[in-house]
Every structure is written in structure tokens, then in C-alpha cells.
Amino acid sequence: MQAALALHDNQLHVAEPLLKAYLKRDPFDARAIRMLAELAGRIGRYGDAEALLRRAVELAPGFTAARANLALVLYRQNRAPEALTLLDAVIADEPDNPGHANLKAAALGRLGGFEDAIALYEKVLHDAPGQPRVWLSYGHMLKTVGRRDDGIAAYRRALALLPTLGDAWWSLANLKTVRFDDADIASMEAGLARDDLDDEDRFHLDFALGKAFEDRREPVQSFAHYAAGNALRRTRIVYDADETRIFVDRSIALLTPDFLDARRGQGCEAPDPIFVLGMPRAGSTLIEQILASHSLVEGTTELPDMPALARRIADYPQGIATLSA
């Protein structure tokens, strides 16, 4: 119970030792294994999360929640086809769970099946319209296919159902075309004043208010909200500067001119992909937009495929040396 409460409150440093100690005493508790997998997923250890969830499902094949979590972990590893296969079975067991349909629609969208995803969202919302987070996801998909006004309407519908849904406010702000009025700002400020607001809603509200006041040319209030949102967001990001330094040093040591020359001509020879490489905030997105303005070039934004492929290589980056032609 203590571990469950700590996990609910995102106190991962408290939950992890409690769960590990419990599982030493009872290594066959599928529910505890699922909780440890959820913890691993929250800090981006998706491989560990997948292994734990597969163990939980092995112990309890009818444990639908663990199977649904496994589908989510597969999706987050950019393994949408596998996630879809698992979700079809999960939905067959729990056809009325909108969360499963929501994830399936997202997986369809990841594979480019936007119209199928939109149709699934619309079916779910027709049957159960009081689902603010499904309206939010529906809005994301509509925005993706260029139906911006419909996307805005979906975000607004989500907020009508749940005014404290910070991600919906931020999604509106991040469109860069929406200007919040006094009523919007008052609603967001009322949400921030609540003691029961979770961290994710709080920092999204701060970011949205930062954009709102920036648009109104009120920099003091704008930066105060941006600072508060970023401070809270930082507490949820697992980052170690020393680990990053070691990774960069290993990459530099491995990827020498001689290493690359020895592999000249390997890999796919198709000239089609254009990779735009740059330091953060150096203008690589602008370069992509300029290139994509040509009728024969399609911009794809920052696809998740490359990081997903890298995560599949054992001992990355050293594992690159073991790849075949």
C-alpha cells in the first residue's frame, strides 16, 4: 500500500525500494511486478518495463491491466504494430474501456493511419462523450491532419469537461494562433490555485499562462509562469549530466573518420532521406521547413524512429560497431 501511494504521488525514490523489497519476499506477485514496471516506464527504462510486464503476464495471463500497460510500453518504444496486436486482444476483453481505444488510435496515427485513428476517436466519443482526455487526443490527431479549427474545438470540448486539464490549455497555446481572452486566463489561474492539481496539469497551465501573458506583452508575469512551469517540470525529468558527458565522450571516441571510412557504402543506398543535423535551437527546424517548401520534398518533423532504433542496439553507441552491412 505504501508503494502504491508513493507511486501515485510520483515519489519514485520511495516506491522503488519498497517494491523491490516486497518482490524479494514474494517474487510471484504480478500486481507488484506491474507497479515496478510502471515506475521503470516513468523514467524511460522501457526495456526494463517491458521485461517486467511480460513476466507479470506470464504469471497472470488474464491480467488485462498488465497487458494494456505492455501495449503502452511497446507504443512508447515506437513498436506500434506489436502494440496494436496486443491492443486488439485487450479490447476484446474490455471493449468498453475508452483508454484502450485511445491508445489504439494513437498507435494507428503513429503508423500513418490518421483517418482510421480519427474514425476510432469519433466512435469512442459518440458512445462516451464525457471523456476529456480522449477529446484531447482527438484534438491532437485533427491538428496532425491539418484540421486546426476542428482540433481547437476538440481541445475546447476537453476543457469544458475538465477545466484543469493543463495539456489541453498548453495544446491551444502551442498552436501559436490562439489568443487567450480574460475568461481563459481566469480559468487557468483558478486551476493553478487548486491544492489538488497534479504536477503535470500544473506545469502545463504555467506554460500556457506564460504564452498568454507573452502574447499580451506582459513579460514579468509571462516569465514568472515559464519559470514556475520549468522548475516543476525539471523535478520530473531524470537527467544526469555526468552520464551525458560519458555518452558523448564514448560517441566521439568510437565514431572516428577511420571508423566511418571502413564502413563506406554500407547501409541503404537510397538517396531519398535528407537528415538535418544541428545543435539545439540552431535553426534545424527552420532548415527543414525551407526544404519542405519544395513540391518534391516532404517534411516529417522530428520522427521518433531514429531514437527508437538506437535504443534497440545493445550497449549503444559501442554496439554500432557490431552491426552488419
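Counting from 7, one number per residue, gives the positions in the sequence shown under our numbering. C-beta: ideal position from N, C-alpha, C; glycine also.
Report the rounded CA-to-CA distance for LEU167 versus ALA237, giving the unit in angstroms. 28 Å
With burial defined as no fewer than 16 other Cβ atoms inside 10 Å of the residue's Cβ, what is the status of PHE253: buried or exposed? exposed
Assumed close pair ALA111, SER143 - CB separation to whole angstroms, cut-off 8 Å: 7 Å
Can you grab the Cα-Cα spacing for the pair TYR322 / ILE124, in whole Å? Taking the straight line joining both Cα atoms gives about 37 Å.
Smallest Cα separation from LEU13: which of THR91, LEU58, ARG223 and ILE49? ILE49
Does DSSP put HIS14 in a helix, in a strand, or in coil? helix
Answer yes or no: do LEU234 and ASP212 have a C-beta to C-beta separation smaller than 8 Å? The sequence as given places Ala at residue 234; Leu does not occur at that position. In contact: ALA234 and ASP212 (Cβ atoms closer than 8 Å).
CA-to-CA distance, ALA66 to PRO286, given in whole angstroms: 45 Å
Does THR262 come out as helix, strand or coil in the three-state DSSP assignment? In this structure, THR262 counts as coil in the three-state DSSP scheme.
How about the stretch 184-196 and the stretch 145-154: do they share at least three Cβ pairs that are nearer than 8 Å? no
Given LEU45 as reference, the closest of HIS210, LEU58, LEU117 and SER177 once Cα atoms are compared: LEU58
Taking the straight line between their C-alpha atoms, what separation do you get for ALA55 and ARG222? 44 Å
Cα-Cα, which of GLY305, GLY115 and PHE229 is closest to GLY216? PHE229
If contact is defined by three or more beta carbon pairs under 8 Å, each pair taking one atom from either stretch, is the stretch 93-101 in contact with the stretch 130-139? no
Starting from the Cα of GLY105, find the closest Cα among GLY118, GLN137, LEU76 and GLN83 and give me that residue. It is GLN137 whose Cα lies nearest to the Cα of GLY105.
Give me the residue from ARG73, GLY115, GLY68 and PHE69 with the minimum Cα distance to ASN84. GLY115
Out of curiosity, what's the CA-to-CA distance linking TYR232 and ASP246? 23 Å
Output the distance between the C-alpha atoms of LEU172 and ASP201, rounded to the nearest integer angstrom. For clarity, residue 172 is Gly in the given sequence; the question names Leu instead. Each residue's Cα considered, the two are about 15 Å apart.
In three-state terms, what does DSSP make of GLN295? Helix, per DSSP.
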